Amino acid sequence: MRKVIGVFAVLLSALMFAGRVAGQAAKAPQPAEAQAQKTPCAPDLAHCADTGCSDTPFDPNLNRQKNIVSNAATTGPAVIKTLAQMKAMGNPKHFVEGGPRTELQTPPFEEGKKISVVAFIIAAKAELGGESCNCNLQTPAETDNHLVLVSPETLTTFPLPGNVFHNRELQSITAEFTPRVRKAGHPNFTKETMDPLINATAQQALLVRVTGLLLFDSEHFIRHPLVRVNNWEIHPVLGMEFCTTGTNCTADSNKGWKSIDNQN
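At position 1 of the sequence shown the residue is numbered 6 (the working numbering), and the sequence of numbers has no breaks.
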């Protein structure tokens with residue numbers, strides 16, 4: 006009888022161990038090669054329409070907004086906005102994915118308006134996974150850079166040293182370098198240009214003046230929410246300047262600002 010009980014205990018222990026291993030395996034991330042990969046719908050950016058890929062979900066009107074390089078708004082003057090004003094912007098009430106963006110392009114929203122915002126950039130993230138607007142292409146030259154912008158109040162609340170990036174990002178607004186604008190005369194609109202400038206600051210936060218078009222990222226409003234305050238972005242970025250004199254540059258003066266187009 007004791008032998009039977011002993012054998013049963015061994016078998017039970019083995020089953021429990023196997024169950025734990027299986028549970029851990031189920032929670033473990035899949036190897037990169039096993040995860041679903043997006044398939045580009047164009048051979049390169051030159052052959053990628055401004056409506057992007059016709060995959061699902063697909064919003065050609067959103068993609069057109071993201072892919073603007075030049076129009077009447079881009080050549081006109083920029084309206085100065087604060088980061089606080091962008092954070093206070095709400096959501097549309099009647100927007101339907103794939104539908105017209107009329108509500109977004111009229112007051113109080115005015116998507117497509119050229120604006121200029123002074124903020125601290127704490128990160129420039131590569132987006133190499135492929136996006137519909139860029140035909141799911143996945144090279145650095147053919148993808149966006151996601152720029153994380155925060156206020157001085159955020160830096161005061163969450164100072165370095167410490168593991169503060171996530172808390173800072175929760176209070177952020179997004180701007181985007183796009184490959185089409187990069188190709189149209191702004192080769193320095195890259196993560197590689199921004200990283201050394203950010204890293205050279207004491208708080209890993211570079212004061213910048215960002216100029217671009219106001220955009221409501223309706224894809225992330227409907228699905229795949231990001232870590233940030235809301236879904237209003239500066240997208241695409243048309244101009245990026247950084248303060249060469251520390252943190253005393255202002256939105257309404259050119260003193261101290263240097264365009265990254267002139268950064269070696």
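By construction, the Cβ of each residue, glycine as well, lies at the ideal position given by its N, Cα and C atoms. Note that the coordinates shown come from a computational prediction; the quantities given were computed from them, not determined experimentally.
Check: Start-to-end residues for the alpha helix (DSSP H) that takes in residue 77; Outcome: 77-80
Check: Pairwise C-alpha distance: residue 168 and residue 147; Outcome: 32 angstroms
Check: Under the three-state DSSP convention, the category residue 31 falls into; Outcome: For residue 31, the pLDDT reaches just 28, beneath the cut-off of 50, and the residue's location in the model is therefore unreliable, although a value from the coordinates is still provided. Three-state DSSP puts residue 31 in a helix.
Check: Residue 125 in three-state terms, based on DSSP; Outcome: strand
Check: Burial state of residue 228 (16 or more Cβ within 10 Å); Outcome: exposed
Check: Alpha-carbon to alpha-carbon, residue 205 and residue 66; Outcome: 39 angstroms
Check: Cβ contact (3+ pairs, closer than 8 angstroms) linking the segment 48-59 and the segment 121-128; Outcome: no
Check: Length of the line joining the Cα atoms of residue 248 and residue 84; Outcome: 19 angstroms
Check: Candidates 237, 214, 219, 218: closest to residue 225 by CA position; Outcome: 237
Check: Expected contact under 8 angstroms - CB spacing of residue 216 and residue 150 to nearest Å; Outcome: Not really, about 16 angstroms apart at Cβ, beyond 8 angstroms.
Check: Beta-carbon proximity list for residue 64, same chain, < 6 angstroms, skipping 5 on both sides; Outcome: 102, 103
Check: Segment limits, beta strand (DSSP E) that includes residue 69; Outcome: Here residue 69 belongs to no beta strand (DSSP E); instead the alpha helix (DSSP H) covers 65-71.
Check: Every unbroken beta strand (DSSP E) within the segment 172-243, with a cutoff of 3 residues, ordered by chain; Outcome: 178-182, 211-221
Check: Status (buried if at least 16 other CB within 10 Å, exposed otherwise) for residue 222; Outcome: buried
Check: Residue 254 vs residue 220 beta-carbon contact at 8 angstroms; Outcome: no
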